[in-house]
Amino acid sequence: MPTTLVGLVLFVVLLVPGFTYTLIRERVAPDRRHSIFRETISIAFVSIVSEAAAVALFIAVSTLVSIWRIDFDALVRQPEPYFQVNYRQIILTCALLVVGATVMTSVAALPWTSRSIRALRAVRAVLGERADEPFFSAWTKIFVGQPDAYVHVGCNLDDGSFISGYLDSWTRSSEDLPDRDLTLIGDIKYRAPGDAVVEKCGSVSGAVISARRIVSLMVTYVKDPDGS
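In terms of this note's numbering, the sequence shown opens at residue 6 and continues consecutively.
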């Protein structure tokens, strides 16, 4: 661990790409619970790999374009004198490298496109593997069953009522825990306990449903909500 303020600042800055990657993955991917040690190692590993890639790309470009170049040999052999003369260029270059590494990790953390997901499933089907990710919960598997379609969800609740609407979001925990919820939007329809008719809930635009209350969940993939 760094023992000076400057060392601490550099340590934190160098971990920005890995932290950004982890932050984005937590928002868009299923929540997998890991130990603090594993999370720390993951952040450090992603940061090192992305920064190494950024440095390699910078060296490759600088060999072709002589406008922006740093003498790494001089920086290693005589770091202090070289830094004193070229500190502005070195600091700016390091900042650009960290930003570039962060951009790379951010792009890598984004969800795959629907076409990429279908291609991956096709390859797995040829290999005889399951198309579902092993760390997906049951409702995540069914919610992402058709990435190009809108997902219409109907929920039978434990009090005998029924509610339906278009899926907006859900807790992406990898475990089928009761402390989860999903949100529905669009034309929310509801049937009270004991009633036989499902009716539209007036001006209601959304609903939040706890997994604790859901007895069964039904999903319909809709290509065109307006025409369905």
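Glycine included, C-beta positions come from ideal geometry on N, C-alpha and C.
Using only the alpha-carbon positions, how far apart do residue i and residue j sit?
i, j, result
"residue 183", "residue 108", "36 Å"
"residue 181", "residue 215", "12 Å"
"residue 141", "residue 76", "48 Å"
"residue 189", "residue 213", "6 Å"
"residue 98", "residue 59", "11 Å"
"residue 154", "residue 43", "35 Å"
"residue 170", "residue 15", "49 Å"
"residue 17", "residue 86", "26 Å"
"residue 208", "residue 196", "16 Å"
"residue 64", "residue 145", "42 Å"
"residue 57", "residue 41", "24 Å"
"residue 119", "residue 110", "Interpretation of residue 119 is limited by its pLDDT of 43, a score under 50 that renders its predicted location unreliable; the figure taken from the coordinates is listed afterwards. Straight-line Cα distance between these residues: approximately 20 Å."
"residue 187", "residue 78", "56 Å"
"residue 101", "residue 172", "40 Å"
"residue 178", "residue 147", "14 Å"
"residue 200", "residue 206", "14 Å"
Can you tell me the Cβ-Cβ gap for residue i and residue j, rounded? I've got them flagged as a contact below 8 Å.
i, j, result
"residue 193", "residue 211", "7 Å"
"residue 158", "residue 224", "6 Å"
"residue 21", "residue 112", "With 8 Å as the limit, residue 21 and residue 112 do not qualify as a contact, their Cβ atoms being about 15 Å apart."
"residue 55", "residue 106", "4 Å"
"residue 96", "residue 162", "Contact flag wrong, Cβ pair sits at about 59 Å."
"residue 114", "residue 185", "Incorrect: roughly 22 Å between the Cβ atoms, too far for contact."
"residue 222", "residue 160", "5 Å"
"residue 152", "residue 191", "So it is not a contact: roughly 19 Å between Cβ atoms."
"residue 167", "residue 202", "Their Cβ separation, rounded to whole angstroms, is 10 Å, which puts residue 167 and residue 202 out of contact at 8 Å."
Indicate, with yes or no, if the ligand MG has a heavy atom lying under 8 Å from the CB of residue i.
i, result
"residue 226", "Absence of the ligand MG is noted for the structure shown, with no ligands found whatsoever."
Could you tell me if residue i is buried or exposed, where buried requires 16 or more neighbouring beta carbons within 10 angstroms of its beta carbon?
i, result
"residue 92", "exposed"
"residue 68", "exposed"
"residue 217", "exposed"
"residue 133", "Note on residue 133: pLDDT 47, under 50, position unreliable in the model; the coordinate value appears next. Classification of residue 133: exposed, given that the 10 Å Cβ count is below 16."
"residue 156", "buried"
"residue 23", "buried"
Taking only beta-carbon positions, decide if residue i is within less than 9 Å of chain D.
i, result
"residue 229", "No chain D is present in this structure, which holds just one protein chain."
At least three beta-carbon pairs within less than 8 Å, the stretch 45–55 to the stretch 73–87: no
Contained alpha helix (DSSP H) runs [length at least 4] in the stretch 34–113, N- to C-terminal order: 41–69, 77–82
Segments assigned alpha helix (DSSP H), at least 4 residues, entirely inside the stretch 134–176: 143–148
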